[in-house]
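Residue numbers are given in the working numbering: position 85 of the sequence shown equals residue 79, and the series is strictly consecutive. To start, the structure under review is shown below, and the notes come after it.
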Amino acid sequence: MKAGSSKIILVLLAVLITIGITALVRFDARNAQPDAEKILTKDAAFGRENITWIKVDTFINLVQKAYHPNVEANTASNLLVVFIKNANTVAQDFYNGNESLLKYRINDHDFEIDYDKHNNNVVGRFKIKDRLVAVPNDVLIKVIDKTIN
């Protein structure tokens, strides 16, 4: 008989402890401060975090797959020139519609993109350093997206 009553007491004690812990967790969760909302601000400066260095031949291959048959890619000494011609809206896709990329020049940012909207042509010039080219992330994102899809 003693063994039966001690089992009942242990079970009741376990149930009370479980109820107590559950109540504490719920009470603590109700009074917890909500997570502060992160506010993302757009950094207006264009810098290294906006560029990806990629091998010249890999970039040429991606561009040719993405924009075939409207693309020509040529390399000269330390310059890669990508020319997308007669491509309608595809020409703007090259720089992902980010017109702020059109204002950067090769001497300052290792690339420049010119868009001729009258003829739907885009010319991208990329400086070659150690067999790598600096490609803006907007360009690379669109090229990879067009290659995959």
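Ideal Cβ positions, reconstructed from N, Cα and C, are used throughout, including at glycine. Quick caveat: nothing in here was measured; it's all calculated off a predicted structure.
- Counting along the chain, Y109 sits inside the beta strand (DSSP E) bounded by residues F105 to D110.
- The residue among D22, D87, E106 and N113 with its C-alpha nearest the C-alpha of K136 is D87.
- In terms of CA proximity to I54, V65 leads the group N90, T46, V65 and K111.
- R125 sits in coil when the DSSP states are folded into three classes, being neither helix nor strand.
- Counting only residues of its own chain and dropping the five nearest sequence neighbours on each side, G118 has a CB closer than 6 Å to the CB of V76 and I107.
- Taking one beta carbon from each stretch, the region 85 to 99 and the region 14 to 23 have fewer than 3 pairs nearer than 8 Å; the two do not touch.
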